[in-house]
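>
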Amino acid sequence: MSGSRLALGLAAVAAVTIGAASVRTGAATPEVGLRSVEDFAGIENKRERSLALFAEVGKVIQHPRCLNCHPAGERPSQGDAMTPHNPWVVRGTDGFGAPGMRCATCHSEANFDPARIPGAPKWHLAPIEMAWQGKSLGEICRQIKDHRRNGGMDMARLIHHMGEDELVGWGWHPGAGRTPAPGTQKQFGELFKAWTESGTACPKA
Amino acid sequence: MPYSITVNGAVREVDVDPDTPLLWVIRDNLGLTGTKFGCGVAQCGACTVHVDGQPRRSCALPVSRLGNRQVTTIEGADGPEAKAVQAAWAARDVPQCGYCQSGQVMSAIALLREVKKPDDKAIDLAMNGNICRCATYVRIRAAIHDAAKALEA
Numbered sequence: 001m002s003g004s005r006l007a008l009g010l011a012a013v014a015a016v017t018i019g020a021a022s023v024r025t026g027a028a029t030p031e032v033g034l035r036s037v038e039d040f041a042g043i044e045n046k047r048e049r050s051l052a053l054f055a056e057v058g059k060v061i062q063h064p065r066c067l068n069c070h071p072a073g074e075r076p077s078q079g080d081a082m083t084p085h086n087p088w089v090v091r092g093t094d095g096f097g098a099p100g101m102r103c104a105t106c107h108s109e110a111n112f113d114p115a116r117i118p119g120a121p122k123w124h125l126a127p128i129e130m131a132w133q134g135k136s137l138g139e140i141c142r143q144i145k146d147h148r149r150n151g152g153m154d155m156a157r158l159i160h161h162m163g164e165d166e167l168v169g170w171g172w173h174p175g176a177g178r179t180p181a182p183g184t185q186k187q188f189g190e191l192f193k194a195w196t197e198s199g200t201a202c203p204k205a
Numbered sequence: 001m002p003y004s005i006t007v008n009g010a011v012r013e014v015d016v017d018p019d020t021p022l023l024w025v026i027r028d029n030l031g032l033t034g035t036k037f038g039c040g041v042a043q044c045g046a047c048t049v050h051v052d053g054q055p056r057r058s059c060a061l062p063v064s065r066l067g068n069r070q071v072t073t074i075e076g077a078d079g080p081e082a083k084a085v086q087a088a089w090a091a092r093d094v095p096q097c098g099y100c101q102s103g104q105v106m107s108a109i110a111l112l113r114e115v116k117k118p119d120d121k122a123i124d125l126a127m128n129g130n131i132c133r134c135a136t137y138v139r140i141r142a143a144i145h146d147a148a149k150a151l152e153a
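These protein sequence lines map, in sequence, to chains A and B.
Every letter in the first sequence is one number past the one before it in UniProt numbering, and letter 94, counting from 1, is 94.
Every letter in the second sequence is one number past the one before it in UniProt numbering, and letter 61, counting from 1, is 61.
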């Protein structure tokens, strides 16, 4: 009897410890919102304002909900801790997986929480030239402005992609067990647009 | 809620909750028990069926999202690729306990329909989501090569 209690006690301690570890190691935090565009209006220097806006945008861009599907290699990561995707899957030639193991083999057009499987329309990976993992915010910033590395998008299309794309929008509604991106997609889109209007300054690092 | 779904070419009526996984409908409502429950979270591949010809983990697809798409289970697998895979599987005596084999076979058929002569990497990429607790992977890969050769002939 006492042995059982001890075992239960140890299990409870282990569960708490594991829980704490997952919070520490997860790149996402339970926080948070985004500051509004108006919050940056007081920065008189245009370049400084642009940099500050992009730093705020970066809270979303460098969130696991975004980075997981912008991998630097062929394999995406998953979860708040950004562990390698399990099972092993690859981008494939079109971003939708390998023949016989497409993204849609498991992911459908919406989350399926009973099985903890995320989903959204056109679930797929960003192309390799749009890889963000392992890069600084400054590197990502310059990449976003480079037609050869942003999917050939001009600023108008980028504003639409960030603020209205359905797959990007999934980041704020990621389903059970995944931390949403900060703020809302609308706020994110407004911040990104304000950055484009402020001269698209990029941080050095 | 009533749903009308097409499984192995036949329209079937079922009355289940919208979130019911297709796997449960196939097994419990339609009695097609060739498709297996392994993990329930799309991690093992035992529940693989074809939806409009593409492999799908039926444990992770709620019946409400199926719409008019065509479901094929192991019982309804047919065509040259299915026959070649069946023959190769038998010749190589691939299964050991057999529990995962329905999913393995469905994934192998889907691969061969898309890639006529898959190399080892293409096979590994397509099949790695199908776990075999008996570790029959070497025979599975060899049987897929055999099936591809038979289809080529």
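Heads up, the beta-carbon is just placed ideally off N, CA and C, and yes, glycines get one too.
Does the stretch 98-115 of chain B come into contact with the stretch 130-149 of chain B, if we say contact requires no fewer than three beta-carbon pairs (one atom in each stretch) closer than 8 Å?
Yes, the stretch 98-115 of chain B is in contact with the stretch 130-149 of chain B.
> What span of residues does the beta strand (DSSP E) with B/Gln2 cover, start to end?
Counting from 1 along the second sequence, the entry for residue 2 of chain B is found at position 2. In the sequence as presented, Gln is not what sits at residue 2 of chain B; that position holds Pro. Looking at the DSSP string, the run of the beta strand (DSSP E) that includes B/Pro2 is 2-7.
> I need the straight-line Cα distance from A/Arg24 to B/Ser4, nearest angstrom please.
Residue mapping note: residue 24 of chain A aligns to position 24 of the first sequence, counting from 1. Residue mapping note: residue 4 of chain B aligns to position 4 of the second sequence, counting from 1. Here the model assigns A/Arg24 a pLDDT of 34, short of 50, so the residue's position is not dependable, and the following value carries that caveat. For A/Arg24 and B/Ser4, the distance between alpha carbons rounds to 47 Å.
> Between which two residues does the beta strand (DSSP E) carrying B/Arg12 extend?
Counted from its first residue, the second sequence places residue 12 of chain B at position 12. Where B/Arg12 is concerned, the enclosing beta strand (DSSP E) stretches over 10-15.
> In the DSSP assignment, find the unbroken alpha helix (DSSP H) run with B/Val51 in it and report its ends.
Position 51 of the second sequence, counted from the first residue, corresponds to residue 51 of chain B. Careful: B/Val51 lies outside any alpha helix (DSSP H), inside the beta strand (DSSP E) at 48-51.
> How many Å lie between A/Val57 and B/Asp146 at the Cα?
Here residue 57 of chain A corresponds to residue number 57 of the first sequence, with the count starting at 1. Here residue 146 of chain B corresponds to residue number 146 of the second sequence, with the count starting at 1. If you take the alpha carbons of A/Val57 and B/Asp146, they lie about 53 Å apart.
> Compare the C-beta of A/Trp132 with all C-beta atoms of chain B and state if any pair is closer than 8 Å.
By one-based count along the first sequence, residue 132 of chain A stands at place 132. Output row for A/Trp132: interface = no.
> Answer with buried or exposed for A/Lys204, where buried requires no fewer than 16 other C-beta atoms within 10 angstroms of its C-beta.
Stepping through the first sequence from its first residue, residue 204 of chain A is reached at position 204. By the neighbour-count rule (16 or more Cβ atoms within 10 Å), A/Lys204 is not buried but exposed.
> Is B/Pro95 close to chain A, meaning its C-beta is less than 8 Å from at least one C-beta of that chain?
Translated into the one-based positions of the second sequence, residue 95 of chain B becomes position 95. So no, B/Pro95 is outside the interface.
> Can you give, in chain order, each stretch of the alpha helix (DSSP H) that sits fully within the stretch 160-201 of chain A and has at least 4 residues?
If we require 4 residues or more, the alpha helix (DSSP H) runs fully inside the stretch 160-201 of chain A come out as 166-169, 185-197.
> Run through chain A and tell me which residues come within less than 7 Å of B/Val115, C-beta to C-beta.
Counting from 1 along the second sequence, the entry for residue 115 of chain B is found at position 115. Going along chain A in sequence order, the residues near B/Val115 (Cβ under 7 Å) are Pro99.
> Following the continuous beta strand (DSSP E) through A/Gln143, name the residue where it begins and the one where it ends.
Here residue 143 of chain A refers to the residue found at position 143 of the first sequence. A/Gln143 -> not in any beta strand (DSSP E); alpha helix (DSSP H) instead, spanning 137-145.
> Can you check whether the CB of A/Arg47 is closer than 8 Å to the CB of A/Ala194?
The residue given as residue 194 of chain A occupies position 194 in the first sequence. The residue given as residue 47 of chain A occupies position 47 in the first sequence. Cβ distance not < 8 Å, so A/Ala194 and A/Arg47 don't count as in contact.
> Determine the extent of the beta strand (DSSP E) in which B/Gln104 is found, giving its start and end residues.
Your numbering for residue 104 of chain B matches position 104 in the second sequence. Not the beta strand (DSSP E): B/Gln104 falls in the alpha helix (DSSP H), residues 101-114.
> Report the three-state DSSP secondary structure of A/Ile117 (helix, strand or coil).
The residue given as residue 117 of chain A occupies position 117 in the first sequence. Here A/Ile117 sits in strand by DSSP.
> Candidates A/Asn86, A/Pro71, A/Asp113: which alpha carbon is nearest A/Gly95's?
Your numbering for residue 95 of chain A matches position 95 in the first sequence. Nearest of A/Asn86, A/Pro71, A/Asp113 to A/Gly95, Cα basis: A/Pro71.
> Residues in the stretch 8-19 of chain B with C-beta within 9 Å of chain A's C-beta atoms, listed in sequence order?
Correct list: Asp19.
> Determine the closest residue to B/Arg139 out of B/Asp93, B/Arg113, B/Ala153, with distance taken between C-alpha atoms.
Taking the first residue of the second sequence as position 1, residue 139 of chain B is located at position 139. Cα-wise, what sits closest to B/Arg139 is B/Asp93.
> What is the DSSP secondary structure of A/Ser77, counted as helix, strand or coil?
By one-based count along the first sequence, residue 77 of chain A stands at place 77. A/Ser77: strand per DSSP, three-state reduction.
> Since A/Ala115 meets chain B, which of its residues come closer than 8 Å, beta carbon to beta carbon?
Locating residue 115 of chain A in the first sequence gives position 115, counting from the first residue. Residues of chain B passing the Cβ test: Pro21, Gly40, Val41, Ala42, Cys59, Ala60.
> Compute the Euclidean distance between the alpha carbons of B/Ala143 and A/Arg102, then round it to the nearest angstrom.
Translated into the one-based positions of the second sequence, residue 143 of chain B becomes position 143. Translated into the one-based positions of the first sequence, residue 102 of chain A becomes position 102. So the two alpha carbons sit approximately 22 Å from each other.
> Starting from B/Pro55 and walking both ways along the beta strand (DSSP E), at which residues does that stretch end?
Sequence index remark: in the second sequence, residue 55 of chain B carries index 55 (1-based). Unbroken beta strand (DSSP E) run through B/Pro55: 54-57.
> Would you list, in chain order, the members of the stretch 83-95 of chain A that have their beta-carbon closer than 8 Å to a beta-carbon of chain B?
Result list: Asn86, Pro87, Trp88, Val89, Val90.
> Classify B/Met106: buried if its beta carbon has 16 or more other beta carbons within 10 angstroms, exposed otherwise.
Within the second sequence, residue 106 of chain B is the residue found at index 106, counting from 1. Result: buried.
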